[in-house]
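Comments concern the structure below.
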Amino acid sequence: MSGNATHWNSWPERYRPYRRPAEIGFWVAVLTIHMLFNSITTWIDLRHAPFVQPLVWELSSNLTVGLLIPALVAFERRFPLRWDTLRRNLPWHLAGTLVFCAVHVLVMMALRKAAYASVGASYTVGNWAKVFAYEYLKDVRSYALILCAVFSYRLLLLRLQGEARVLDAPDAAAGSAPAAEAARPERFLVRKLRKEFLIAASDIEWLQAQGNYVGIHVNGHDYLLRSTLADFLGQLDPARFVQVHRSFAVNLDRVAEIEPLDSGDARLRMKDGSQVACSRRYRDALGSR
305 MSGNATHWNS
315 WPERYRPYRR
325 PAEIGFWVAV
335 LTIHMLFNSI
345 TTWIDLRHAP
355 FVQPLVWELS
365 SNLTVGLLIP
375 ALVAFERRFP
385 LRWDTLRRNL
395 PWHLAGTLVF
405 CAVHVLVMMA
415 LRKAAYASVG
425 ASYTVGNWAK
435 VFAYEYLKDV
445 RSYALILCAV
455 FSYRLLLLRL
465 QGEARVLDAP
475 DAAAGSAPAA
485 EAARPERFLV
495 RKLRKEFLIA
505 ASDIEWLQAQ
515 GNYVGIHVNG
525 HDYLLRSTLA
535 DFLGQLDPAR
545 FVQVHRSFAV
555 NLDRVAEIEP
565 LDSGDARLRM
575 KDGSQVACSR
585 RYRDALGSR
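This note's numbering applies: residue 305 is where the sequence shown begins, and numbers increase by one.
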């Protein structure tokens, strides 16, 4: 096992092996269509210029944007744009548009110069200030559209996968259970495809860290809760839920078998048929429970 859990009964798990190729394919298709349409439009406007000329311009521009998309997605994860973070992180993204445009212009112009030089011609940039101002107006739009596409995609995945939130966290009664224990959620409200239903904390089989979310696996279904794995585990019963990997935690009541591996790690077979990785760092602690 290489750090991944196996649970093929759920749609998100079936989609996961194809997620990265699908995401890359989406952007390749979008940028290719954008490049071709803009090349044809510019060629018609130029009238007598060879088609290869606007094609090189658009290819250099769209190729550079495509290379910048992963960096932009990572930047947004570092400075997320949500209602509660908008005031704090929006200035970072305004500055980010300047960096995005500067890199776009520099790489794009370098590609154009190289393409022209390969056929013995020269490409003249002209006034750099005017070029940057012109490209910046387009790049701000591209920056915003890319983020809108990313947000829409995330929302679609959440709607299909389901999003959970803590429904209740009982207040600590005076002189009774400690505050940390009293704050443990007993159940969660899950929204999925316009439906709402409850799941009990005791029904959780295993957990998986997924960026800014924790994947909650219950009865063959997967739901996301906005939290880190460490923070969420702090709300659950430590006698029942334990971390077994930097990305996984399990409900001990749901573990059917522990299979040692030659590497010193282990593979946990859950009662629902899924498999969860257990690294050697956490294996001793698991055996002492």
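C-beta atoms are modelled at their ideal positions from N, C-alpha and C, and glycine is treated no differently. No experiment lies behind these values; they were computed from the predicted model shown.
Residue i versus residue j: straight-line alpha-carbon distance, rounded
i: Y527; j: R323; result: 17 angstroms
i: A478; j: T532; result: Any answer about A478 is weak, because its pLDDT of 43 lies below 50 and its placement is not dependable; what the coordinates show is given next. Computed Cα separation, rounded: 29 angstroms.
i: E561; j: L376; result: 42 angstroms
i: A484; j: Q512; result: Residue confidence for A484 is low, a pLDDT of 46 falling below 50, so the modelled location carries little weight and cannot support an answer.
i: V332; j: F501; result: 38 angstroms
i: A433; j: I503; result: 58 angstroms
i: Y427; j: Y420; result: 6 angstroms
i: L556; j: H408; result: 51 angstroms
i: Q547; j: W361; result: 52 angstroms
i: M412; j: Q514; result: 34 angstroms
i: L340; j: D349; result: 14 angstroms
i: Q579; j: I328; result: 28 angstroms
i: L371; j: R491; result: 43 angstroms
i: S568; j: R558; result: For the sequence presented, residue 568 should be read as Gly rather than Ser. The alpha-carbon atoms of G568 and R558 are separated by roughly 22 angstroms.
i: N393; j: Y440; result: 20 angstroms
i: P384; j: H397; result: 9 angstroms
i: D443; j: P321; result: 32 angstroms
Beta bridge counterpart(s) of residue i as assigned by DSSP
i: N431; result: Partner(s): none; N431 has no beta bridge.
i: M574; result: V559
i: P564; result: A570
i: A581; result: R571
i: R491; result: A504
Reference residue i; option with closest CA among the options
i: L335; options: T401, V369, V559 and L460; result: V369
i: P267; options: D557, R558 and L572; result: Nothing can be reported for residue 267: it is not among the residues displayed for the chain, which extend from 305 to 593.
i: A543; options: R550, V554 and A534; result: V554
i: L445; options: R382, F404 and I520; result: Note on identity: in this sequence residue 445 is Arg, with Leu being the wrong assignment. When only C-alpha atoms are compared, the closest one is F404.
i: L529; options: Y517, A418, H521 and P321; result: Y517
i: L415; options: N393, L363 and I337; result: L363
i: R318; options: S343, V559 and H525; result: H525
i: R550; options: P395, R584, P325 and A453; result: R584
i: A577; options: S365, R382 and H521; result: Before going on, a small fix: residue 577 reads as Gly here, not Ala. Measuring from the Cα of G577, the nearest candidate turns out to be H521.
i: R386; options: I373, R458, N366 and A326; result: R458
i: Y447; options: A570, N366, V356 and F545; result: N366
i: V435; options: L410, F330, Y586 and A326; result: L410
Within 9 angstroms, strictly: CB atoms of residue i and residue j
i: F536; j: A581; result: no
i: E380; j: L449; result: no
i: P358; j: T346; result: yes
i: N523; j: D541; result: no
i: Q539; j: R495; result: no
Length at least 4, wholly inside the segment 494–554: the alpha helix (DSSP H) runs in chain order: Counting whole runs of 4 or more residues, the segment 494–554 contains the alpha helix (DSSP H) stretches 533–537.
Ordered list of alpha helix (DSSP H) runs contained in the segment 344–395, each at least 4 residues: 356–382
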